[in-house]
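Novice: Protein sequences, first through last, are from chains A and B. Reminder that position 57 of the first sequence reads as 57 in the working numbering, one-by-one numbering, no gaps. To convert, count from 1 in the second sequence and add 128; that's the working numbering. Where a beta carbon is used, it is the ideal one built from N, C-alpha and C, also for glycine. Computed from a predicted model, the values in this text were never measured in an experiment.
There are 2 protein chains.
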Amino acid sequence: MQSMADFKPTNSEIAILRVLWQRGPSTVRDVHSALSHERDMGYTTVLKLMQIMAEKGLVVRDDRERAHVYAAAQAQAKAQDSLVSDLANKVFGGSAMKLAMHALNQQPCSPEELKEIRRMLDELEAKK
Amino acid sequence: MQSMADFKPTNSEIAILRVLWQRGPSTVRDVHSALSHERDMGYTTVLKLMQIMAEKGLVVRDDRERAHVYAAAQAQAKAQDSLVSDLANKVFGGSAMKLAMHALNQQPCSPEELKEIRRMLDELEAKK
DNA sequence: TAGAATCTACGAATCTTTTCGTAATTTGGC
DNA sequence: GCCAAATTACGAAAAGATTCGTAGATTCTA
Numbered sequence: 001m002q003s004m005a006d007f008k009p010t011n012s013e014i015a016i017l018r019v020l021w022q023r024g025p026s027t028v029r030d031v032h033s034a035l036s037h038e039r040d041m042g043y044t045t046v047l048k049l050m051q052i053m054a055e056k057g058l059v060v061r062d063d064r065e066r067a068h069v070y071a072a073a074q075a076q077a078k079a080q081d082s083l084v085s086d087l088a089n090k091v092f093g094g095s096a097m098k099l100a101m102h103a104l105n106q107q108p109c110s111p112e113e114l115k116e117i118r119r120m121l122d123e124l125e126a127k128k
Numbered sequence: 129m130q131s132m133a134d135f136k137p138t139n140s141e142i143a144i145l146r147v148l149w150q151r152g153p154s155t156v157r158d159v160h161s162a163l164s165h166e167r168d169m170g171y172t173t174v175l176k177l178m179q180i181m182a183e184k185g186l187v188v189r190d191d192r193e194r195a196h197v198y199a200a201a202q203a204q205a206k207a208q209d210s211l212v213s214d215l216a217n218k219v220f221g222g223s224a225m226k227l228a229m230h231a232l233n234q235q236p237c238s239p240e241e242l243k244e245i246r247r248m249l250d251e252l253e254a255k256k
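(1) Against chain A, with Cβ distances strictly below 8 Å, would R246 of chain B count as a contact?
(2) Compare the C-alpha of Q80 of chain A against each of B:L186, B:S210, B:V188 and B:L232 and name the closest.
(3) Would you list, in sequence order, the uninterrupted alpha helix (DSSP H) runs of no fewer than 4 residues that lie entirely inside the region 50-113 of chain A?
(4) Under 8 Å, do A96 of chain A and S82 of chain A count as touching if we go by C-beta distance?
(5) For A216 of chain B, does the count of other Cβ atoms within 10 angstroms reach 16, so buried, or fall short, so exposed?
(6) To the nearest angstrom, report how far apart A228 of chain B and A200 of chain B are at their CA atoms.
(7) Please report the residue range of the alpha helix (DSSP H) in which H160 of chain B lies.
(8) Should A203 of chain B go down as buried or exposed, given a rule of 16 or more other Cβ atoms within 10 Å for buried?
(9) Taking Cβ positions only, does F220 of chain B come closer than 8 Å to chain A?
(10) Just confirm the distance between the C-beta atoms of V59 of chain A and L20 of chain A, as a whole number of angstroms; I'd bet it's less than 8 Å.
(11) How many angstroms separate the CA atom of E166 of chain B from the CA atom of I52 of chain A?
(12) Determine which residues of the region 187-218 of chain B have a Cβ less than 8 Å from any Cβ of chain A, and write them out in chain order.
(13) Compile a chain-ordered list of the residues in the region 95-107 of chain A whose CB is closer than 9 Å to at least one CB of chain B.
(14) Using 8 Å as the threshold, is the C-beta distance between E253 of chain B and L114 of chain A below it?
(15) Against chain A, with Cβ distances strictly below 8 Å, would E166 of chain B count as a contact?
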């Protein structure tokens with residue numbers, strides 16, 4: 001079991017990971033196109049960032065083709081958990097529950113969403 | 129009503145805010161002492177950070193005494209909300225509920241905590 | 001096959017964050 | 001009053017994150 005204490009993507013890196021999670025393995029051009037809708041970044045800027053991410057192990061690179069194909073090294077859910085737990089530690093004294101309560105309180109939920117959460121709580125309780 | 133879209137403390141700044149929220153208005157020495165248990169930071173490093181935070185408006189400074197007294201400019205709950213919403217936007221497509229579900233799933237909750245959450249959900253539903 | 005387009009590599013500039021040393025000032029103890 | 005201790009101000013170095021230009025290689029197209 002790896003600790004993953006070193007999974008700390010920067011904001012730009014998160015933006016890139018988001019694209020990779022959504023699109024699956026992608027080239028620099030793919031990512032650049034996807035990001036260009038929201039961000040104003042040069043092509044080589046994205047390239048450089050992705051090269052650095054490969055060095056850091058945030059992404060894996062397949063360079064069999066001329067246009068290298070990058071994929072997120074971590075599953076989205078796992079990465080999300082790391083980031084949630086990081087925030088819990090930084091600003092909620094380590095309590096993920098407090099974090100959850102703030103999240104639920106600050107954004108209106110639809111009745112379906114509320115139901116979904118209750119269902120999840122039931123499961124949690126059952127698993128106990 | 130201020131938008132607060134610019135409330136983006138860095139990690140060190142969050143560590144300092146945490147102390148100010150916990151202790152209330154504090155001097156640089158207070159904060160440095162509190163942080164020294166977990167971090168290895170020089171006194172003037174903390175001082176400089178807090179001066180910068182005052183410039184940015186993250187803290188307010190009372191300089192009537194020789195040892196200036198700093199206080200967090202935002203209530204803890206408000207700041208927590210900003211950071212939660214920021215994370216939701218960055219990695220959960222803006223959905224605070226998804227964030228909450230990840231938080232609840234990844235850390236075991238006590239029965240009391242589960243009850244507390246259900247109570248909160250009831251309130252949310254009632255308020256609708 | 002020549003030229004245009006596309007790609008990677010990489011150095012370097014810039015900007016932000018974090019760090020701390022030094023100087024100057026004030027306070028407190030003796 | 002004097003000296004040691006504590007404080008602020010501030011410059012600047014170090015480290016980290018972001019940006020992009022240019023060079024060189026490969027591929028595509030006419």
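Specialist: Let me spell this out:
(1) As a first step, residue 246 of chain B must be located in the second sequence, where it is residue number 118. Yes, its Cβ sits closer than 8 Å to a Cβ of chain A.
(2) Start at 1 with the first residue of the first sequence, and residue 80 of chain A comes out as number 80. The shortest C-alpha separation from Q80 of chain A is found at B:L232.
(3) 76-91 and 96-106
(4) Position 96 of the first sequence, counted from the start, is the residue given in the question as residue 96 of chain A. Position 82 of the first sequence, counted from the start, is the residue given in the question as residue 82 of chain A. No, the pair does not count as a contact, with Cβ atoms beyond the cut-off.
(5) Residue 216 of chain B sits at position 88 when you count from the first residue of the second sequence. By the 10 Å Cβ count, A216 of chain B comes out buried.
(6) Residue 228 of chain B sits at position 100 when you count from the first residue of the second sequence. Residue 200 of chain B sits at position 72 when you count from the first residue of the second sequence. Between A228 of chain B and A200 of chain B, the C-alpha separation is close to 26 Å.
(7) Residue numbering aside, residue 160 of chain B sits at position 32 when the second sequence is read from its first letter. Here the alpha helix (DSSP H) through H160 of chain B covers V156 to S164.
(8) For the purposes of this step, residue 203 of chain B is taken as the residue at position 75 of the second sequence. A203 of chain B is exposed by the Cβ-count criterion.
(9) Here residue 220 of chain B corresponds to residue number 92 of the second sequence, with the count starting at 1. Yes, contact with chain A.
(10) Walking along the first sequence from the start, residue 59 of chain A turns up at place 59. Walking along the first sequence from the start, residue 20 of chain A turns up at place 20. Right, the Cβ-Cβ distance comes to about 7 Å (below 8 Å), so this counts as a contact.
(11) Numbered from 1 along the second sequence, position 38 holds the residue referred to as residue 166 of chain B. Numbered from 1 along the first sequence, position 52 holds the residue referred to as residue 52 of chain A. For E166 of chain B and I52 of chain A, the distance between alpha carbons rounds to 30 Å.
(12) A205, A207, Q208, D209, L211, V212, S213, L215, A216 and K218
(13) S95, A96, M97, K98, L99, A100, M101, H102, A103, L104, N105, Q106 and Q107
(14) Your numbering for residue 253 of chain B matches position 125 in the second sequence. Your numbering for residue 114 of chain A matches position 114 in the first sequence. For E253 of chain B and L114 of chain A, yes; Cβs fall inside 8 Å.
(15) On the second sequence, residue 166 of chain B is found 38 positions in, with the first residue counted as 1. Using a CB distance cut-off of 8 Å, E166 of chain B does not count as an interface residue toward chain A.
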